[in-house]
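Read through the structure below, which is laid out as structure tokens, and then see the notes.
Chains as they are written, first to last, in this note's numbering: chain D, 236 to 582; chain X, 10 to 198.
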């Protein structure tokens, strides 16, 4: 019991540290990817290839003067970024980072907790994240912040509907809400069970989920809450120093978690092709599986950046049209077709 | 009604086609463009370590030349000031006194000679107009300053020192050298 507790504590700290590490280096990667796509070099002064850039940025943010506007609500002004950061970090709990790890004959799961409503929990926590933006923007007592916050909440609530419906199709197919079971459903191998990744069965669901994930993360082309051409900085206009840092950082953590969830739901999670056919030991498969999951996550983070530096921002009415008139009916249609196919095949 | 300039464009507000409405084909083609750029060589020059090469005939800060004996070549004729399209050059002429022959080549010289570097467009017309081969543009850069006054360069900054000559051989193009051979012209005497 004690060892299990110790293992869980280590896992929690590890997931926390990795989330922060990935977020920090996402900022670096973002700048590098942007630079390369624009035929530039990007940051290359701090350390070899500029690898210490996130550290320098962090130190800079800490050293900056912290300004709290006179007219703002002090308590809520602090609560906003904290809430956004906490909700961003909380979703990592239910994601299966790997299979079972065998230490001294005891199996430990590389997942902090396997809630049987895992995906529902993710949705719940993500929707609380809207409060972080809303409270921060409202407490600033600034019209740009408020407009940004309103846009953010409207956008996130609209796209959550289509996102949820696209997931229901997947849940109907797999018959479970647990992320662990969904990834086990996609385990590859010649012996007995040969399963494809969910994206093969549910390409439309994946496409809708991906587009909604962009909107949920406030990423380009849906970065209206902080579009600097119209709203100065959007909901975080009045924030400075590490409070601003928390907002920016939490967005990158959100991106990391979205990439992890997309990989888990549609791209096999910690499973990789022929994992049971290579004659590897259980621990080797687990470690390789975790590496496979992380390479999938890194690909999706890159994909997020790739899209950001390709497409211009949507107009607000286009965004709402796409969400309500495009993605919502499509996801309902997808749901109907999935239901019909399941009904036919189960008979 | 006939349009005034023939440059007006008729704007069409046609409905988007289905493939345009779903955005995806356009996004796909855009994404392919950016991925191509990802592997392209960057155009950046890492500045403090490397500097971008100047053109052979780069036109930078001016120099007022001295002749082989160290006397100033400028005779304050004012042709450079007249030719200057930006009106950046001003000068005050003065007569050479006895005993100053080693300082000034001709009987007349420029007591003050100023170029406003903020007005100058570095076209090189002053150099072309000069009959005495006194003014040349060099590959030196005009340095920055905090005020406007600092950009009015007087003789102290423009005249080359007698010991430390500034090389202007790059500006002596083939055409110039050819022209110099024609000894019958007053310019070359």
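Here a beta-carbon is modelled for each residue, glycine too, at the ideal position from N, C-alpha and C.
Cβ atoms of residue j and residue i: under 8 Å apart, would you say?
{"i": "residue 537 (chain D)", "j": "residue 454 (chain D)", "result": "no"}
{"i": "residue 69 (chain X)", "j": "residue 147 (chain X)", "result": "yes"}
{"i": "residue 83 (chain X)", "j": "residue 120 (chain X)", "result": "no"}
{"i": "residue 421 (chain D)", "j": "residue 506 (chain D)", "result": "yes"}
{"i": "residue 459 (chain D)", "j": "residue 386 (chain D)", "result": "yes"}
{"i": "residue 317 (chain D)", "j": "residue 473 (chain D)", "result": "no"}
{"i": "residue 171 (chain X)", "j": "residue 105 (chain X)", "result": "no"}
{"i": "residue 466 (chain D)", "j": "residue 437 (chain D)", "result": "no"}
{"i": "residue 345 (chain D)", "j": "residue 525 (chain D)", "result": "yes"}
{"i": "residue 529 (chain D)", "j": "residue 432 (chain D)", "result": "no"}
{"i": "residue 400 (chain D)", "j": "residue 570 (chain D)", "result": "yes"}
{"i": "residue 126 (chain X)", "j": "residue 155 (chain X)", "result": "no"}
{"i": "residue 80 (chain X)", "j": "residue 111 (chain X)", "result": "yes"}
{"i": "residue 131 (chain X)", "j": "residue 180 (chain X)", "result": "no"}
{"i": "residue 555 (chain D)", "j": "residue 375 (chain D)", "result": "no"}
{"i": "residue 549 (chain D)", "j": "residue 457 (chain D)", "result": "yes"}
{"i": "residue 98 (chain X)", "j": "residue 66 (chain X)", "result": "no"}
{"i": "residue 463 (chain D)", "j": "residue 470 (chain D)", "result": "no"}
{"i": "residue 493 (chain D)", "j": "residue 296 (chain D)", "result": "no"}
{"i": "residue 448 (chain D)", "j": "residue 497 (chain D)", "result": "yes"}
{"i": "residue 314 (chain D)", "j": "residue 370 (chain D)", "result": "yes"}
{"i": "residue 250 (chain D)", "j": "residue 332 (chain D)", "result": "yes"}
{"i": "residue 167 (chain X)", "j": "residue 72 (chain X)", "result": "yes"}
{"i": "residue 88 (chain X)", "j": "residue 138 (chain X)", "result": "yes"}
Name, please, each residue of chain X whose Cβ falls closer than 9 Å to the Cβ of residue i.
{"i": "residue 271 (chain D)", "result": "46, 47, 48, 49, 51"}
{"i": "residue 541 (chain D)", "result": "40, 43, 44, 47"}
Starting from residue i and walking both ways along the beta strand (DSSP E), at which residues does that stretch end?
{"i": "residue 46 (chain X)", "result": "Residue 46 (chain X) -> not in any beta strand (DSSP E); alpha helix (DSSP H) instead, spanning 33-47."}
{"i": "residue 519 (chain D)", "result": "Per DSSP, residue 519 (chain D) belongs to no beta strand (DSSP E); it is in the alpha helix (DSSP H), 517-543."}
{"i": "residue 551 (chain D)", "result": "First-last for residue 551 (chain D): 551-555, but that is the alpha helix (DSSP H), not the beta strand (DSSP E)."}
{"i": "residue 72 (chain X)", "result": "71-73"}
{"i": "residue 145 (chain X)", "result": "144-146"}
{"i": "residue 100 (chain X)", "result": "98-104"}
{"i": "residue 343 (chain D)", "result": "341-344"}
{"i": "residue 337 (chain D)", "result": "335-338"}
Interface residues of chain D around residue i at Cβ under 9 Å?
{"i": "residue 20 (chain X)", "result": "Those do not exist, as residue 20 (chain X) stays about 18 Å from chain D at its closest Cβ, beyond 9 Å."}
Let me see if you follow: with CB-CB separation under 8 Å, is residue i close to chain D or not?
{"i": "residue 26 (chain X)", "result": "no"}
{"i": "residue 60 (chain X)", "result": "no"}
Just the chain X side, please: which residues come within less than 7 Å of residue i by C-beta, in chain order?
{"i": "residue 546 (chain D)", "result": "36, 39"}
Could you work out which residues of chain X lie near residue i, taking near to mean beta carbons separated by less than 8 Å?
{"i": "residue 276 (chain D)", "result": "51, 53, 55"}
Where do the ends of the alpha helix (DSSP H) carrying residue i lie?
{"i": "residue 325 (chain D)", "result": "309-325"}
{"i": "residue 63 (chain X)", "result": "Where residue 63 (chain X) is concerned, there is no enclosing alpha helix (DSSP H), given that its DSSP letter is neither H nor E."}
{"i": "residue 489 (chain D)", "result": "476-501"}
{"i": "residue 30 (chain X)", "result": "27-30"}
{"i": "residue 123 (chain X)", "result": "Careful: residue 123 (chain X) lies outside any alpha helix (DSSP H), inside the beta strand (DSSP E) at 117-125."}
{"i": "residue 440 (chain D)", "result": "438-451"}
{"i": "residue 238 (chain D)", "result": "237-272"}
{"i": "residue 470 (chain D)", "result": "Per DSSP, residue 470 (chain D) belongs to no alpha helix (DSSP H) and is neither H nor E."}
{"i": "residue 289 (chain D)", "result": "288-298"}
{"i": "residue 366 (chain D)", "result": "353-374"}
{"i": "residue 377 (chain D)", "result": "Per DSSP, residue 377 (chain D) belongs to no alpha helix (DSSP H) and is neither H nor E."}
{"i": "residue 573 (chain D)", "result": "563-581"}
{"i": "residue 509 (chain D)", "result": "From DSSP, residue 509 (chain D) is part of no alpha helix (DSSP H); its letter is neither H nor E."}
{"i": "residue 90 (chain X)", "result": "88-92"}
{"i": "residue 414 (chain D)", "result": "414-419"}
When the cut-off is 8 Å and only beta carbons count, does residue i lie next to chain X?
{"i": "residue 432 (chain D)", "result": "no"}
For the ligand NAD, any of its heavy atoms closer than 7 Å to the Cβ of residue i?
{"i": "residue 303 (chain D)", "result": "This structure lacks the ligand NAD; in fact it carries no ligand of any kind."}
Output yes if chain B places a C-beta closer than 8 Å to the C-beta of residue i; else output no.
{"i": "residue 567 (chain D)", "result": "Protein chains D and X are contained in the structure displayed, whereas chain B is not."}
| message | For the segment 141-175 of chain X, list every residue whose C-beta sits within 8 Å of some C-beta in chain D, in sequence order. | response | none
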